[in-house]
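*Asks:* One structure follows; several queries about it will come next.
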Amino acid sequence: MRHAHTQPGTLYSKETSDFLPLFEFSNVVNSSLDLDFILSTVLRTLMGKMLVTRGMVFLKRNGKLFQIITAKGVDHSVIGQTLEIDRPLRSLHAVAKLPKDTAAWIEFLNYHQQSLIIPILSQRRIVGYITLGERLSKPSYSATDKRLIQSLVSLSGAAIEKALIIDQVKEANRNLDRKIQELNTLFDLSKEFNIGLDEKKVVRLVTFALLGQIGVKKYALCLRDHDGLNIIESRIEGSANLKSILPSLCDLEHSATTQDLLKQKTYRIAAAQLIQIGITAVVPMHIQHTTKGMILLGERLRGGMYTRADLEFLYSLGNLAIISIENAHLFKEALEKQRMEDELNIAREIQQGLLPEKLPSIPGFDIAALTIPSKEVGGDYYDIITRQNGDYILAIGDVSGKGTPAALLMANVQAALRALAPHCTSVSETTGQINDLTCANTRSGSKFITFFWGILDAQTHRFRFSNAGHNPPFLLRKDGTIEGLEEGGLILGVFKTTTPYAEASVTLLPGDVLVMYTDGVSEAMNQHNDQFTEEQLEVILKESTHLSAKEIIQRVQQALESHTQGTPQSDDITMLVLKAV
Amino acid sequence: MTDFKIHHRDGEGVSVIELKGYLDAHTAPDLETAFQKLLTEKKYNVVVNCRDLSYISSAGLGVFMAYVEDIRKNMGDIKLTNMSPKVYNVFDLLGFPILYEIYKDEQEAVSRFKQIKK
Numbered sequence: 026m027r028h029a030h031t032q033p034g035t036l037y038s039k040e041t042s043d044f045l046p047l048f049e050f051s052n053v054v055n056s057s058l059d060l061d062f063i064l065s066t067v068l069r070t071l072m073g074k075m076l077v078t079r080g081m082v083f084l085k086r087n088g089k090l091f092q093i094i095t096a097k098g099v100d101h102s103v104i105g106q107t108l109e110i111d112r113p114l115r116s117l118h119a120v121a122k123l124p125k126d127t128a129a130w131i132e133f134l135n136y137h138q139q140s141l142i143i144p145i146l147s148q149r150r151i152v153g154y155i156t157l158g159e160r161l162s163k164p165s166y167s168a169t170d171k172r173l174i175q176s177l178v179s180l181s182g183a184a185i186e187k188a189l190i191i192d193q194v195k196e197a198n199r200n201l202d203r204k205i206q207e208l209n210t211l212f213d214l215s216k217e218f219n220i221g222l223d224e225k226k227v228v229r230l231v232t233f234a235l236l237g238q239i240g241v242k243k244y245a246l247c248l249r250d251h252d253g254l255n256i257i258e259s260r261i262e263g264s265a266n267l268k269s270i271l272p273s274l275c276d277l278e279h280s281a282t283t284q285d286l287l288k289q290k291t292y293r294i295a296a297a298q299l300i301q302i303g304i305t306a307v308v309p310m311h312i313q314h315t316t317k318g319m320i321l322l323g324e325r326l327r328g329g330m331y332t333r334a335d336l337e338f339l340y341s342l343g344n345l346a347i348i349s350i351e352n353a354h355l356f357k358e359a360l361e362k363q364r365m366e367d368e369l370n371i372a373r374e375i376q377q378g379l380l381p382e383k384l385p386s387i388p389g390f391d392i393a394a395l396t397i398p399s400k401e402v403g404g405d406y407y408d409i410i411t412r413q414n415g416d417y418i419l420a421i422g423d424v425s426g427k428g429t430p431a432a433l434l435m436a437n438v439q440a441a442l443r444a445l446a447p448h449c450t451s452v453s454e455t456t457g458q459i460n461d462l463t464c465a466n467t468r469s470g471s472k473f474i475t476f477f478w479g480i481l482d483a484q485t486h487r488f489r490f491s492n493a494g495h496n497p498p499f500l501l502r503k504d505g506t507i508e509g510l511e512e513g514g515l516i517l518g519v520f521k522t523t524t525p526y527a528e529a530s531v532t533l534l535p536g537d538v539l540v541m542y543t544d545g546v547s548e549a550m551n552q553h554n555d556q557f558t559e560e561q562l563e564v565i566l567k568e569s570t571h572l573s574a575k576e577i578i579q580r581v582q583q584a585l586e587s588h589t590q591g592t593p594q595s596d597d598i599t600m601l602v603l604k605a606v
Numbered sequence: 013m014t015d016f017k018i019h020h021r022d023g024e025g026v027s028v029i030e031l032k033g034y035l036d037a038h039t040a041p042d043l044e045t046a047f048q049k050l051l052t053e054k055k056y057n058v059v060v061n062c063r064d065l066s067y068i069s070s071a072g073l074g075v076f077m078a079y080v081e082d083i084r085k086n087m088g089d090i091k092l093t094n095m096s097p098k099v100y101n102v103f104d105l106l107g108f109p110i111l112y113e114i115y116k117d118e119q120e121a122v123s124r125f126k127q128i129k130k
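So the sequences go chain by chain: P and W. Using my numbering, read the first sequence as starting at 26 and increasing by one per residue. Using my numbering, read the second sequence as starting at 13 and increasing by one per residue.
Here it is as C-alpha cells:
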C-alpha cells in the first residue's frame, strides 16, 4: 500500500513539473488569433521540449488534402505544398509503424525524416497534423514524451481552429467587400445610364468599369446591328479574325471562359481561335434571349482566372449596358419621329396658309368650298383671287407627293399664279408661264402638279379656263347636260412649255353649277380599297343641281362618308363649287 | 449633385493631378479629358494626388487603366499618392496595388521620377 503510494508519487511530481509550462503555453497560444504565430509557437515549443530539429504543421484544406503551413529544419520549399493524407489518424502515430503501403504522404514524411505524426483535433475533428523528426538526445520518444506531446497539441487545437475561423471570416468579409464593390459599380453605372446617354458614351463608361473592376488590357465590345455583330471598341490585335468568329458565339447563353468553351463541342473551334488571340472570357449581352452584343476579355492583369462570381458580375454589367444602349437607340428613334411630326405640322401650316381664309362674294354667284387635309398632309390647293377690274380667278390644284416638299411646291405655284394672274390677258399663255416657273423649281420629273384655273368675267359670266392635267371639273347645266372642262395641256412641272397650253371658255347661265374637285374626292376609298369614282360623283351631282353651292358640297360629303365608312383618309379632299344664280 | 474637381500643376518634369470629391461614372469622363490632355502635351510623368478624393468607383479606376498603357509605353508612369483608407480599400479590393506604385505622400512619388531621370 505504502509502496504503491510512493511509486505514483514520483510520477506525479514529474508530471507536475511539466504542468506549469503547459499552463503558460496554453495561455500564450489561446490569447492569440494569429494563425501563423500559434502554429509557430506550437511547433517551436514541441521541438524545444523534445530537442527535435525537424518539424512541420499541416492544415486541412479540402477533404483529404492537407497543406504545409509551417516547417522548421526542413527545406523551406515544402511550405505551401499540399499532400493527400488518405487515412485519418485520430491519435499520435510513429511514422515507422504506419502500414508500409504505397501512400505518397508516408513516403514524403519518411523522405523528410519525420518520425511522429500527431493529429490536431478540435471538437473531435481533425483540423491538421503536426509531424516531428527524431529526438537528438534519445533514440526514441518515451511514452511520457508522447503524452506530453499529445497534451500540448490538444491544448492548441481549439486555438488553431479559432484562428482558422477568424481567417475564414476575414476572407468572407473581403469577398463581401468585393461583392459590395461590384454592386456599387452596377449602381454607379445604372444611375449614369438613366440620364439617357448615347451609345458611344455608354460604351465608354462600360469600358472604364471593365478596366477598373476586372483589370484587363485586352478587350473588345461588339454590338448587333442589321448585319450581325460589329466590333465597336477593341484593344485586341487581330480583331479582323474576331469578326469571323463572332457569328458562332451568337447562341451562347451565359458568360464563360474560353477554357470552358473549349470543352463544349459547339464552341470548340471558336474557343480555340479566341484563345489564340488572347481572349480568356466571353460575355454575351442579351435582351429577351437574343444576343444583342458581346464583350470579349483578355487575361486579368492582376492574375488569377475568371471566377464564377466574376462571370456573373460581367453578365449583369453587360445586360445593364445593352439595355441602356437599346434605350438610347429607342430614344433616338423617338426624337426622329418627333422631328418628322414637327415637319408635318409645318407642312400643314404652310398648306393651310395657302387656302383663302374667306371666300369673296361674287355678285350673281353662289360659291362654297371644302377642304379636308389628310393626316399625312398632301398637296391640295384651291384659290379665289379678286382682280382689280372686278373679274375673279378660280383655281384648284394637286401636287404629287406629301409632306413639306409638296406643301412648299404648292406655295410656289400659288406665288406664280398670284404674281401673274392679276394682270394677264391670256389664260393659256399664263398657264405656260406658270409651268415654266414650276419646272425651274422642281428637279425634272421628281414632282408634278395637276392644275385647273380660269378667269370669270363678272359682267358677262364668261369663264375662260385652262386645264393642266387636272380631273376635269363638271359643268352641270340647268337643262341636265354635263360637260367636262378638259381643254389645256400637260401637267405642270414636268416639261418646259414647248407646245402652248390650250384654253376654252364657257358662259355660266343661271342654274348652272361648276364643280371643281381633286382626286381625293373621286378616289376616296372604303375598307375594301374600292374608290368612290367619278361616275358616282357625277350621279350625286346630277341629283343636287337644285341645291345651293354649300348644300351640294354637304351632299357630296355625306355620300363620301357613307362610302368610306370611317376608313382613314389617305389623300386631301378639296372641292370648290360655283353656282350661277 | 456629385462634385468633382481636377487641379493640374506642372513641376520639374512631373505633372501633378489633384483629385477632389467623387470620381464615379458621372465624373470619369472629366478625368479622361485630363489624361488625354497630358498625352497630347507629351507629359508622361504623372503623379495623382488623391488627398481630397472622397470616393472612387470602378469606372473611375478604369480611366487609370485606360491610360496607363500609353503612358508607360512612353517611358512614363502614373503614381498615386495620399489616399484615404476608404479610397485605398477600393484600390486594394480590385488588386490595383500590384499594378500601380502607391505612395504615402506626393513628394515621395515626385522624387521617384527624379531618381529614375538621374
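We put the beta carbon where it would ideally sit given N, CA and C, even for glycine. All values reported here derive from a predicted model rather than from experimental measurement.
1) Taking only beta-carbon positions, decide if residue 38 (chain W) is within less than 8 Å of chain P.
2) Can you grab the Cα-Cα spacing for the pair residue 77 (chain W) / residue 335 (chain P), in whole Å?
3) Could you confirm whether any beta carbon from chain P is found closer than 8 Å to the beta carbon of residue 74 (chain W)?
4) Confirm, please, whether the CB-CB distance from residue 69 (chain W) to residue 36 (chain W) is below 8 Å.
5) What does residue 107 (chain W) touch in chain P if you count any residue whose Cβ is under 9 Å from its own?
6) List the residues of chain P that residue 99 (chain W) touches, going by C-beta distances under 8 Å, in chain order.
7) Using CA coordinates, which residue listed in P:422, P:565, P:604, P:161 is at the minimum distance from residue 495 (chain P)?
8) Establish whether the CB of residue 209 (chain P) and some CB of chain W are separated by less than 8 Å.
9) Does the stretch 519-526 of chain P touch the stretch 583-593 of chain P, meaning 3 or more C-beta pairs lie closer than 8 Å?
10) Is residue 123 (chain P) near residue 131 (chain P), with beta carbons less than 8 Å apart?
11) Chain P partners of residue 102 (chain W), CB-CB under 8 Å?
12) Does residue 35 (chain P) get closer than 8 Å to chain W when you measure Cβ to Cβ?
13) Cβ of residue 48 (chain P) within 7 Å of any heavy atom in the ligand SAH?
14) What residues from the stretch 223-239 of chain P come within 9 Å of chain W, judged by C-beta to C-beta, listed N to C?
15) List, from N- to C-terminal side, the beta strand (DSSP E) runs of 3 residues or more that fit wholly inside the stretch 484-559 of chain P.
16) Verify the CB distance criterion: does residue 139 (chain P) have a CB-CB separation below 8 Å to chain W?
17) What residues of chain P sit near residue 66 (chain W), judged by a beta carbon separation below 9 Å?
18) Hey, out of P:405, P:360, P:349, P:310, whose CA is closest to residue 373 (chain P)'s CA?
19) Go ahead and label residue 36 (chain P) buried or exposed: buried means 16 or more other beta carbons lie within 10 angstroms of its beta carbon, across all protein chains shown.
20) Taking the alpha helix (DSSP H) that residue 206 (chain P) falls in, what are its first and last residues?
21) For residue 166 (chain P) and residue 143 (chain P), I'd like the C-alpha separation in whole angstroms.
22) Roughly how many angstroms separate the alpha carbons of residue 206 (chain P) and residue 226 (chain P), rounded to a whole number?
23) With 16 other CB atoms within 10 Å as the buried threshold, where does residue 32 (chain P) fall?
24) Quick one: does residue 69 (chain W) have its CB under 8 Å from some CB of chain A?
25) I'd like to check one pair, residue 90 (chain P) with residue 187 (chain P): are the Cβ atoms closer than 8 Å?
26) Can you give me the C-alpha to C-alpha distance between residue 200 (chain P) and residue 76 (chain P), rounded to a whole angstrom?
27) Whole-angstrom Cβ separation of residue 278 (chain P) and residue 305 (chain P), contact assumed at under 8 Å?
28) Would you decide whether residue 194 (chain P) is buried or exposed? Buried here means 16 or more other CB atoms lie within 10 Å of its CB.
29) Would residue 369 (chain P) pass as a contact of residue 428 (chain P) if the rule is Cβ separation under 8 Å?
30) CA-CA distance, residue 32 (chain W) and residue 102 (chain P)?
31) Taking its Cβ as the centre, do 16 or more other Cβ atoms sit within 10 Å of residue 407 (chain P), making it buried, or is it exposed?
32) Only counting runs of 3 or more residues, tell me where the beta strand (DSSP E) segments fall wholly within the stretch 215-295 of chain P, in order along the chain.
33) Taking C-beta pairs closer than 7 Å, name the residues in chain P that residue 77 (chain W) reaches, listed in chain order.
34) So residue 62 (chain W) is in the beta strand (DSSP E); what residue range does that whole segment cover?
35) Counting only beta-carbon atoms, is residue 81 (chain W) nearer than 8 Å to chain P?
36) Compare the Cα-Cα distances from residue 66 (chain W) to each of W:84, W:28, W:18, W:109 and report the closest residue.
*Replies:* On the basis of the data shown:
1) Interface residue, yes.
2) 18 Å
3) yes
4) yes
5) 240, 325, 326, 327, 328, 329
6) At a C-beta separation below 8 Å, residue 99 (chain W) has no neighbours in chain P, since its nearest C-beta there lies roughly 12 Å away.
7) Selection P:422, P:565, P:604, P:161 evaluated against residue 495 (chain P) yields P:422 as nearest (Cα-Cα).
8) yes
9) no
10) yes
11) 206
12) Legend: pLDDT at residue 35 (chain P) = 44, less than 50; position of this residue unreliable, no value from coordinates given.
13) This structure does not include the ligand SAH; it has no bound ligands of any sort.
14) 226, 229, 230, 231, 232, 233, 234, 235, 236, 237, 238, 239: these are the residues of the stretch 223-239 of chain P whose beta carbon lies less than 9 Å from some beta carbon of chain W, given in chain order.
15) Qualifying beta strand (DSSP E) stretches, in chain order: 487-493, 499-501, 507-509, 529-532, 538-542.
16) no
17) By Cβ distance, chain P contributes nothing, its closest Cβ being about 14 Å from residue 66 (chain W), past 9 Å.
18) P:405
19) Caution is warranted here: a pLDDT of 45 is assigned to residue 36 (chain P), below 50, making its placement in the model unreliable, and the coordinate value is therefore given only provisionally. Exposed, since its Cβ has fewer than 16 Cβ neighbours within 10 Å.
20) 168-218
21) 13 Å
22) Cα-Cα distance, rounded: 22 Å.
23) The predicted position of residue 32 (chain P) is uncertain, since its pLDDT is 45 and thus under 50; no value can be drawn from it.
24) Absent here is chain A; the protein component of the structure consists of chains P and W.
25) no
26) Each residue's Cα considered, the two are about 43 Å apart.
27) Rounded to the nearest angstrom, the Cβ distance from residue 278 (chain P) to residue 305 (chain P) is 19 Å, too far for a contact under 8 Å.
28) exposed
29) yes
30) 47 Å
31) buried
32) 244-250, 253-259
33) 236, 237, 240
34) 57-68
35) yes
36) W:18
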